[in-house]
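Numbering (this note's numbering), first residue to last: 340 to 729. Every residue, glycine too, gets a C-beta built ideally from N, C-alpha and C. All of these numbers come straight from a predicted model, not from anything done at the bench.
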Ligand SMILES: *Cc1c(COP(=O)(O)O)cnc(C)c1O
């Protein structure tokens, strides 16, 4: 049965053909003007996607590396930082801050719930020593997308750091308008590139914190990176091929248009949510259009999620992500951020229907697919009839 493999996890995500090909170009020296042109184009296009005029720094690391650079470059041991967490990646930020000796105020919310920005606001106004507030935009472990605009308003007065790993290129994310001082993201989610590249935007206000910071650092030192900021990502060898791939991916994204990309993800998310619910499965997070990067689904009690995912991959070649942290073996996470279209969704829903049946869960065959198709018809009805007329 298994012939093709299909990747539907929220990172790494599938790469478009031209992005694959971009990795096969002849390598060029990073000190040449040719590379400088590519690099400046990537940076200026990234600014468009991130909706910012701030400086961009890029690193040859997974996204956690860039996140680590934020802590190293902005703070000193003992600084008090608030982390609002409602999932696995929020918890990762807490561990990261603690690893560098920060005094972390943890605001923990139930996984699957939203961050309560009123609580963020009162914690910050009750403690004038707090220097910064951190939150994750799309909490990929639960599918829940937090209200970052509200978070930034609540954290007014302190530095605002936002993890946009899986939300950039999926969700509305207005870095400058919302007042995000540092936004971190990377290549392997909605940016449709292989893993290994991360980047951040840094506001002038954040730069002032950087000048005061006394944390040890070297590889990720922003001051070293800033010296040649317009032509090279760092004083070290950059991930040249990955940057050429990111260049290609972003050009494709700009051609599609950011608004169209966001709308496409909204439709994909709606299709998945209505599909799984049509066969009686339960969503882990709310059935909301903002949760459009990934969908976390609770399987029937008697089906162990990890075994189900293993079968889905072995039998049908479809890779869907497991739950992590406290959700391990409790949910499955269907990723649809990046290079996905509606037929990817129909495939995965159809495979899930088939496999559920084999696991002894009886449902009306085709219901998930039909529900998803209905979403699509409602969305695209007008477009389809235009095509038929022409
Ligand atoms: C994917 C992801 C990360 C990145 O982790 P790396 O494995 O270091 O690239 C960080 N935060 C969130 C919310 C993510 O989804």
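query	result
Outcome for residue 677 when other beta-carbon atoms lying within 10 angstroms are tallied against a minimum of 16	buried
Beta strand (DSSP E) runs wholly inside the region 652-697, at least 3 long, in chain order	657-661, 670-674
Beta-carbon separation (whole angstroms), residue 407 vs residue 435, contact threshold 8 angstroms	6 angstroms
Enclosing alpha helix (DSSP H) for residue 591 [first to last residue]	579-595
Check: residue 516 C-beta below 7 angstroms from any heavy atom of ligand 1	no
Opening and closing residue of the beta strand (DSSP E) in which residue 436 lies	Segment 427-438 is the alpha helix (DSSP H) holding residue 436; no beta strand (DSSP E) there.
For residue 633, the three-state DSSP class (helix, strand or coil)	strand
Integer Cβ distance of residue 379 from residue 569, believed to fall under 8 angstroms	6 angstroms
Residue 436 Cβ short of 7 angstroms to ligand 1 heavy atom set	no
Cβ-Cβ distance between residue 444 and residue 469 below 8 angstroms	yes
Closest Cα partner of residue 485 within the set 345, 660, 624, 667	624
Any non-hydrogen atom of ligand 1 within 7 angstroms of residue 339 CB	Outside the displayed range of the chain (340 to 729) lies residue 339, so it cannot be described from this structure.
Integer Cβ distance of residue 401 from residue 503, believed to fall under 8 angstroms	Wrong, their Cβ atoms sit about 15 angstroms apart, outside the cutoff.
Rounded Cβ spacing between residue 520 and residue 392 (contact assumed at less than 8 angstroms)	Contact doesn't hold; Cβ gap of about 13 angstroms is too wide.
Residue 478 Cβ short of 7 angstroms to ligand 1 heavy atom set	yes
Buried versus exposed, by CB contacts within 10 Å (16 or more), residue 562	exposed
Reduced DSSP category for residue 730 - H, G, I as helix; E, B as strand; rest coil	The structure shown does not extend to residue 730, since the chain is modelled only from 340 to 729, so the question has no answer here.
Beta-carbon proximity check, residue 616 vs residue 607, cutoff 8 angstroms	no
Anticipated Cβ contact below 8 angstroms, residue 412 with residue 556, distance rounded	6 angstroms
Inter-residue Cα distance where the pair is residue 665 and residue 450	9 angstroms
Cβ pair residue 382, residue 589 closer than 8 angstroms	no
Exposure label - residue 699; buried when at least 16 CB within 10 Å	exposed
Reference residue 629, options 464, 487, 463, 361, closest by Cα	487
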